[in-house]
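Below: one structure, written as structure tokens.
There are 4 protein chains.
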Amino acid sequence: MAAGSTFGTIFKLTTFGESHGSAIGGIIDGVPSNFKIDLDKVQFELDRRKPGQSAIVTQRKESDTVQFLSGLFNGKTTGTPIGFVIPNEDQHSSDYDHLKEAYRPSHADYSYDQKYGTRDHRGGGRSSARETACRVVAGAIAKQFLESLGIEFSTYVDQVGHIKLQDPSFFLTDAIESNLVRCPDELTAERMEHLIRDVRKDGDTVGGCVRCMIVNVPAGLGDPVFDKLHAEIGKAMLSINAVKGVEFGSGFASAEMRGSDHNDLFNSDGSTLTNNSGGIQGGISNGMPIEFRVAFKPVATILKPQETINSIGEKVELLGKGRHDACVVPRAVPIVEAMAAMVILDFYLRQKTTVWE
Amino acid sequence: MAAGSTFGTIFKLTTFGESHGSAIGGIIDGVPSNFKIDLDKVQFELDRRKPGQSAIVTQRKESDTVQFLSGLFNGKTTGTPIGFVIPNEDQHSSDYDHLKEAYRPSHADYSYDQKYGTRDHRGGGRSSARETACRVVAGAIAKQFLESLGIEFSTYVDQVGHIKLQDPSFFLTDAIESNLVRCPDELTAERMEHLIRDVRKDGDTVGGCVRCMIVNVPAGLGDPVFDKLHAEIGKAMLSINAVKGVEFGSGFASAEMRGSDHNDLFNSDGSTLTNNSGGIQGGISNGMPIEFRVAFKPVATILKPQETINSIGEKVELLGKGRHDACVVPRAVPIVEAMAAMVILDFYLRQKTTVWE
Amino acid sequence: MAAGSTFGTIFKLTTFGESHGSAIGGIIDGVPSNFKIDLDKVQFELDRRKPGQSAIVTQRKESDTVQFLSGLFNGKTTGTPIGFVIPNEDQHSSDYDHLKEAYRPSHADYSYDQKYGTRDHRGGGRSSARETACRVVAGAIAKQFLESLGIEFSTYVDQVGHIKLQDPSFFLTDAIESNLVRCPDELTAERMEHLIRDVRKDGDTVGGCVRCMIVNVPAGLGDPVFDKLHAEIGKAMLSINAVKGVEFGSGFASAEMRGSDHNDLFNSDGSTLTNNSGGIQGGISNGMPIEFRVAFKPVATILKPQETINSIGEKVELLGKGRHDACVVPRAVPIVEAMAAMVILDFYLRQKTTVWE
Amino acid sequence: MAAGSTFGTIFKLTTFGESHGSAIGGIIDGVPSNFKIDLDKVQFELDRRKPGQSAIVTQRKESDTVQFLSGLFNGKTTGTPIGFVIPNEDQHSSDYDHLKEAYRPSHADYSYDQKYGTRDHRGGGRSSARETACRVVAGAIAKQFLESLGIEFSTYVDQVGHIKLQDPSFFLTDAIESNLVRCPDELTAERMEHLIRDVRKDGDTVGGCVRCMIVNVPAGLGDPVFDKLHAEIGKAMLSINAVKGVEFGSGFASAEMRGSDHNDLFNSDGSTLTNNSGGIQGGISNGMPIEFRVAFKPVATILKPQETINSIGEKVELLGKGRHDACVVPRAVPIVEAMAAMVILDFYLRQKTTVWE
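Pasting the structure below:
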């Protein structure tokens, strides 16, 4: 996997596409045969990610309509690869002309040029967050397999700037989708929305966090050494644009704790009284809810002037243009969920080869 | 890589071994030929990880002497796989007899049994932290390749319980190795050591954090989509026993920041004024120091009695026995460094195939 | 790579698509950046494979026009994945209605049903040879990289039925393309063409062989154990539809030879007097021409009535319909070459990480 | 898998070791848990491969005793990696002193030097056939899993020089092991043995072929595109030292056949009247016996003087020394079987993830 465009071991997604070509797309290989897919649900997840969906996200307009080219017959999976494309619509390449020579601060422009010795300046190439639409397609399919096993997700915004959700818990989709921020607590969501609007008025951006809980994951998924379940979920999260950190269960707070407080004592049925482990012990799911939290930095594109350099090292002034998000976490919710779903399904399939019987 | 005992893409480590068999070991494949390896340096790193090295770590005695079986000729790498074994010495299997039926809280005993349908109760099987000795061997070799390129590591303890190191920076090995805790600030290290001794007297354990800085990494390493450089480092860290979280550069603090504060502005030479990006932008190294921080939970084995269950769900009392660490971070330092070195070298080799010239 | 739709290690092709969906296509990952691709040459290779190209191949009409969606900018590779699609045009699905219930002898219908528990009866699903068009796209790109290094291919038909080409050698493309059979000897080609026409008149089919020589491959490509250069080429060839055997250098004839006759003695410059090794010794190229030969069985679809069974085991008569090839080898030539080119380029890139310097 | 020391996708063998280090060995990952392994059977297979076993093979003496280091507990697999070593005993490195500067004709010496820029001249490094002992260990384990499913192997010599076995069929192990050549027909075996003895008296070597039949393989194993079952078996065979060709079912003879003769017509139960397909259709097993044949060149080391070159291109005379096989096929039988068993088990495990139920 030397070039890094493939994710997964058995259920595998390979993607292609830049934000400013004619289309992006992907191939999902290793999809088990004979399972009925609801394509509307796939589009529903894409709509949760797409630009222009609400007043607090970027106003770029793209319908993000996925077209499936193979792997489905009479509404069911055939076991062969699912190929799909999502045409690019609202490219506005001229929006990027002012970037032809400039490296945008805290974007991938400079590092990308160092890597490839060349760069398509229109929109960040493969570093564009547009690529995550393909992940949402594959994740929405993975989620349907998992739902048929009773596995359910609750993924939501739990922090925007300094505003944090108190008492995280398993919230239903209706609560999460009841507001533009995708924070399931109404008052907190309102405060977050105000903050995002204020920040945008300033031409600035702000960071945030997304939390994910997954219930009914069977015990036994994950491997004990390198491919620990949370190691793969962690990689999945850190591979999403703008993510700076990830923590499981007690997370960074565990560094301050004593073992006698941190240990999750057992009930007779194998469940535990507490869940500091975040549903994973020794890299293997234990049947308790899987819980993790993901930190996103503020979007790098701001509408304030910044001094930067061009490709020959000259100082230039950069005035942010284009239509960007003031805060990325509301649109990141379906991406976090998609990546988590792919990992869980992959390990579920891997587990089928573990015990001889 | 369905069974998860292999790490890396080009420079690849595959490991085997339980803490209570006759030996653990591994195979490193993809080692470039014609490079002189200093085997004493490899043993030095193993000694930094080994039990019994100081008064504040577990008093189990194992010399952890690595034996190389292949891949080296006249002191140089041949380009063929390096096979190695580390014999197990101080097994004390009877220490574990009381565990035959009990699931230890917050260990992998229960989840392991759910996965494999069977379990070697002596010491945790593959979930034992002993397995990390193999990672240290491979990492110590990777580090020598990197050092020949001028790449240097500074890895140290920056938190034990509530005690945190102020002003993290690039510290030299001498400062880090000057005390038992491996915290480069003398006064902070003393306070940490006291805390660890106190906690141990209580029969309890405590968590902590390790910080790693890597300088002189060339710009251009990492891939822009799934295999982002920090995504692979993150997976590497989360695959280490007891790790609950990882963050890069500004990390979780970035969630509270504005873009105008967070963006790393460029100097004329492509370096940046600040390093909130932690040396990685869009998944690709930018030439600035790579910086990350790893959270470890308190060790699950405590010497206080705990109620738990056995494999048929009956309540049993567990009295911790054996010789365990009260705090794992001093011994985790070389493991964190080893895993980071393997990732950096792997991406360095991957990069050799990226540009056609 | 559990589901088998990906080929290669660094230069990697992943494909999707059935013969009767809307399109087939693929993603090529690991393409080095900054290389100028001639897209007309890619289409030229597709035209050599396409149906309807001459009087002696199937008369199905498909233009097989490839559309590139990503990975190219201003005519050069960007280092990011090349996504492409080839629309399906002449599907005639009703041609296959008579097959809905019948398993065609020596096709994949029965084994496919056993594997997936379901089957798209229209044209063989993924088992359709149409999928090889995607290989030709990727191989045509690989070949351009290799040609820039001076590596050249000579791939041609050297047997149809009992008619064999005498004196195989390195023939130029002009000689190979001078006739419909792609056999570089004019008289032999005429006899082969007559045989194919006769067989077709009978409603029957006939097998054949393709030979490939590759010159100027640098010494040192390939690995000494599992991934021997000829092992990967062999897998590549056996993965092409209808292939039943592959041999390198002296091949099956070597079983009758003595070592004193078979050994390739060295000239002073490291070249050898003979080339029984086929350019590969111990799995590693030695700088001599790589030579191998591939056997294709007769096409399974014949226009004579055959007794067969349906999916519930009842005997049914099958009357071959549709437009099929009487002999597959003329169209197989560009596929053999494409697969070989992908393997050579992949090992060329792998070799870049082998020696430390 | 860039460095090529790993074989398999789920059931995976990684090997290390040169013929003249202290040991060779390997790690088998992905072994399903809870299966009882008969270790004597593993040693039995190693004994069939070992040097010195009979009067017609090399008289080097090595006991080839395998030591298992992990992955087994109370005689059963634990699901974790099986690590093993085979100490090297009879190294006689001084036998190779005369080779320090000379490239042996048709060995890997020259190509190996070109690849790695360095070479351990003692016995061929990783190119030594000694490495295949590790394959036999893993294959013997795979075979036990398969036997528990009713799958059986019949692997034997069917050609030495110009002497061929007539009427190949499924022969029992007793018949195969009844003579030193491992050819199940007594008279043919005698003629083969005479030929091998004559060739050896001449200081020469001779080639041969091994045939393998596998019965009771369930239908449905293999993938329809790149990872066809016979493509993986073919790669496995071509990765064995000295193999120059492989053919399945009708093989190279199919090139002369008509489709109407070649097609395997169905019986009502899905079996076929003939088995030109060799048990595999469209890359997927169809439940009929899997049949293939492997060609081995004559051993390159002969005891006659040969002119060759040294590493600076000077002509030198090489007088073969050491203790080598005059014909490799009797000892190749267990290697062919081991590699085939690994492939079949790997695909059996892969198939477990194919259908959703």
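So the protein sequences, as listed, match chains A, B, C and D. Heads up, the first sequence is in this note's numbering, so the first residue is 1 and it goes up one at a time. Heads up, the second sequence is in this note's numbering, so the first residue is 358 and it goes up one at a time. Heads up, the third sequence is in this note's numbering, so the first residue is 715 and it goes up one at a time. Heads up, the fourth sequence is in this note's numbering, so the first residue is 1072 and it goes up one at a time. Backbone N, C-alpha and C fix where the C-beta goes; we use that ideal spot for every residue, glycine too.
Chain-order list of residues whose beta-carbon lies under 6 Å from that of D:M1284 (same chain, five-residue window excluded)
S1225, F1241, P1360, E1362
Residue interval of the beta strand (DSSP E) (run including C:P801)
796-801
Under 7 Å Cβ to Cβ from A:A300, same chain only, skipping five residues before and after it: list those, please.
R104, P105, S106, H107
Measure from the C-beta of B:T435 to each C-beta in chain D and report whether the shortest distance is under 8 Å.
yes
Does A:T132 get closer than 8 Å to chain C when you measure Cβ to Cβ?
no
Count Cβ pairs between the segment 1402-1418 of chain D and the segment 1106-1122 of chain D that sit closer than 8 Å; are there 3 or more?
yes
Could you confirm whether any beta carbon from chain C is found closer than 8 Å to the beta carbon of B:F392?
yes
Show which residues of chain C have a CB atom less than 9 Å away from the CB atom of B:F502.
W1070
Inter-residue Cα distance where the pair is B:T372 and C:S991
36 Å
Counting beta carbon pairs with one atom in the segment 28-40 of chain A and one in the segment 75-87 of chain A, are three or more of them shorter than 8 Å?
yes
In chain order, what residues of the same chain lie with their CB nearer than 6 Å to the CB of B:M549, ignoring the 5 residues before and after it?
V517, I520, V538, C540
Excluding the 5 residues flanking A:A338 on each side, which residues of the same chain have their C-beta closer than 6 Å to its C-beta?
R135, V136, G139
Quick check on the DSSP output: what are the complete beta strand (DSSP E) runs of length 3 or more inside the segment 131-172 of chain A, in order along the chain?
152-160
Which residue comes first and which comes last in the beta strand (DSSP E) that contains C:M906?
That residue, C:M906, is in no beta strand (DSSP E); its alpha helix (DSSP H) goes 900-915.
I need the DSSP call for C:S968, collapsed to helix, strand or coil.
helix
Identify the residues that DSSP records as bridge partners of C:A816: which are they?
C:N1024
Tell whether a beta-carbon distance below 8 Å holds between B:T363 and A:F226.
yes
Going by the CB atoms, is the gap between A:V206 and A:C327 shorter than 8 Å?
yes
So with Cβ pairs under 8 Å, would you call B:P389 a contact of chain C?
yes
Kindly list, in the order they appear in chain D, the residues whose Cβ is closer than 7 Å to that of A:I290.
Going along chain D, no residue has its Cβ under 7 Å from A:I290, so there is no contact; the nearest lies around 21 Å.
Kindly indicate which residue of B:F653, B:P655, B:T629, B:K654 has the alpha-carbon position closest to the one of B:G644.
B:T629
Classify A:P330 as helix, strand or coil using the three-state DSSP reduction.
helix
Name the two residues that bound the continuous alpha helix (DSSP H) containing B:F401.
396-406
List, in order along the chain, the chain C residues whose C-beta lies closer than 9 Å to that of D:Y1183?
G934, P938, Q995, G996, I998
Under the three-state DSSP convention, the category A:V246 falls into
strand
Is DSSP giving C:G839 helix, strand or coil here?
helix
Chain-ordered chain C contacts of B:K585 [CB-CB under 8 Å]
Those do not exist, as B:K585 stays about 14 Å from chain C at its closest Cβ, beyond 8 Å.
Quick one: what does DSSP say A:M1 is sitting in, helix, strand or coil?
For A:M1, the predicted model reports a pLDDT of 49, less than 50, meaning its position is unreliable and no value from the coordinates is stated.
Cβ-based contacts, 7 Å cut-off: residues of the segment 596-618 of chain B near chain A:
S596, K601, G602, V603, E604, F605, G606, S607, G608, F609, S611, A612, E613, M614, R615, G616, S617
Report the neighbours of C:V920 on chain D: residues whose CB is nearer than 7 Å to its CB, in chain order.
R1329
Quick check: B:D703 and A:G4, are their CB atoms within less than 8 Å of each other?
no
Is B:V685 close to chain A? Criterion is C-beta to C-beta, closer than 8 Å.
no
Whole angstroms is fine: what's the gap from D:H1265's alpha carbon to C:S968's?
19 Å
Using a cut-off of 8 Å between C-beta atoms, extract the partners of B:V656 located in chain A.
G259
One or two residues paired with C:C926 in a DSSP bridge
C:T869, C:F1006
Could you list which residues in chain B have their beta carbon closer than 7 Å to that of A:Q159, in chain order?
A612
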